[in-house]
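Below is one structure; the comments refer to it alone.
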Amino acid sequence: MKTISYIVLLSILLAPSVYSLIVCPYFIKIEEFIPFPPMSVICDLIGQENYAEYYVYYIKANFTTETCTYSPLTRAFISPKVIIAVDNKTIYRRGPESHTIRPPCLPTRAEYLTGDVYLLIQSIPHPTGDMFKLEDSFKNAACSNFLDEAANISSGSSTYEEKLKFIRRVTASDGIIGDIQDGRIYYASCGIINQPVVGKEIIECDCFYGALVKTSDGKGWYSKNGLDVIGKAKVDECIRHTNSPLTIKQSIGFISSSGGTYDNENFFPKILSSLWPVRILIILSFAIIFMYCFFDSTKNLKFSSNREYSQGNRNTGGHVSHA
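Letter by letter, the sequence shown follows residues -20 to -1, 1 to 303 of mature numbering (1 follows the signal peptide of the UniProt record, and there is no 0).
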């Protein structure tokens, strides 16, 4: 069980950073939606998982301004499938199927959670502690908080953007569009643009504040969040007839050492060279985990006759501070 907590951490360090733009159909023109299981399935899921405790930052990233806002350092219970903020009981599912374009202000090891929110692990308070199940009182509080959030989102008091962020968080998929009716999520899949991103220009005027994202096939796509594509014709028309000053600046995330943008010929070599620090981190992570597992296994074999864990202070009740 100790090894599992390190696997959870490693899965965060090695989380894929795939840049994907999506093109969603017009919501009112969708004829058939796919039903998602009832909201209570999330309550069942969090009760089945084994967790480890971490100190983390939640990072709110703004794709257009390329700024990152950090939360205060806080505790989170993390499993391979779920992240739960201890203080406010917010539930995130891990592993969205497609990822927004990361602003350059984000640390490399920050894990994407959907909705412009990222997770950054700062420390592990109990590095040798066992994984644990949620205490019933905490599980029920987290479940109740989630169902209240779902009811509030579906009541009509939230914007469609807020509703869509919630739907994508619950389904752990950014590549969808949908609605909530009678307490259930109904969704439809969006088209994914599987092309490497090679450039980004930030555009600001009175009718559009977002970015023109350039892909390796030579095409340009307008987006405000680095994920959802906005109709090109409408934005082009807006920019062409704007009466306000038009500001266009190159994203610092795609500026090369010479001051220009990445061209198609040199893009992949530069990307590969920039990945060396990540490769080193991966190799070191595997080495540390292998050494820990080998030492722990040897110790367990030697003292297997009298090994017995006492988990009285490891239960979630010792970690939970109810909001």
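Virtual Cβ for every residue (Gly too), placed ideally from N, Cα, C.
Asked                                                                                                                                                      : Found
If you run the structure through DSSP and keep just helix, strand and coil, what is Y140?                                                                  : helix
Consult DSSP for A122 and reduce its assignment to one of helix, strand or coil.                                                                           : helix
Between D154 and A90, what straight-line distance do the alpha-carbon atoms span, to the nearest angstrom?                                                 : 17 angstroms
Give the straight-line distance between the Cα atoms of S134 and Y140, rounded to the nearest whole angstrom.                                              : 10 angstroms
Could you pull the start and end residues of the alpha helix (DSSP H) that V215 belongs to?                                                                : K212 to R220
Would you mind stating whether I172 and I147 have Cβ atoms separated by less than 9 angstroms?                                                             : no
How many angstroms separate the CA atom of V97 from the CA atom of K145?                                                                                   : 10 angstroms
Could you please give me the residues that DSSP links to L1 through a beta bridge?                                                                         : I173
Which residue marks the beginning of the beta strand (DSSP E) containing D159, and which one marks its end?                                                : I156 to Q161
What whole-angstrom Cβ distance do P105 and Y6 have, given they're in contact under 8 angstroms?                                                           : Not quite, the Cβ-Cβ distance comes to about 48 angstroms (not below 8 angstroms), so this is no contact.
Roughly how many whole angstroms lie between the Cα atoms of C185 and L226?                                                                                : 5 angstroms
Using the C-alpha atoms, what's the distance from S224 back to I157?                                                                                       : 33 angstroms
Just confirm the distance between the C-beta atoms of I228 and E181, as a whole number of angstroms; I'd bet it's less than 8 angstroms.                   : 6 angstroms
Using three-state DSSP, classify V193 as helix, strand or coil.                                                                                            : strand
Can you check whether the CB of R74 is closer than 9 angstroms to the CB of G206?                                                                          : no
Decide yes or no for the touch test of the segment 118 to 130 against the segment 35 to 49: beta carbon pairs closer than 8 angstroms, at least 3 of them. : no
May I ask you to verify whether the segment 6 to 18 touches the segment 51 to 65, counting CB pairs closer than 8 angstroms and requiring at least 3?      : no
Taking the alpha-carbon positions, what's the Q102 to I64 distance?                                                                                        : 16 angstroms
Rounded to a whole number of angstroms, what is the C-alpha to C-alpha distance between E129 and E29?                                                      : 21 angstroms
Determine the extent of the alpha helix (DSSP H) in which C23 is found, giving its start and end residues.                                                 : S20 to Q28
Would the beta-carbon of R149 fall within 9 angstroms of that of G200?                                                                                     : no
Since S203 sits in a beta bridge, which residues does DSSP pair it with?                                                                                   : A191 and V209
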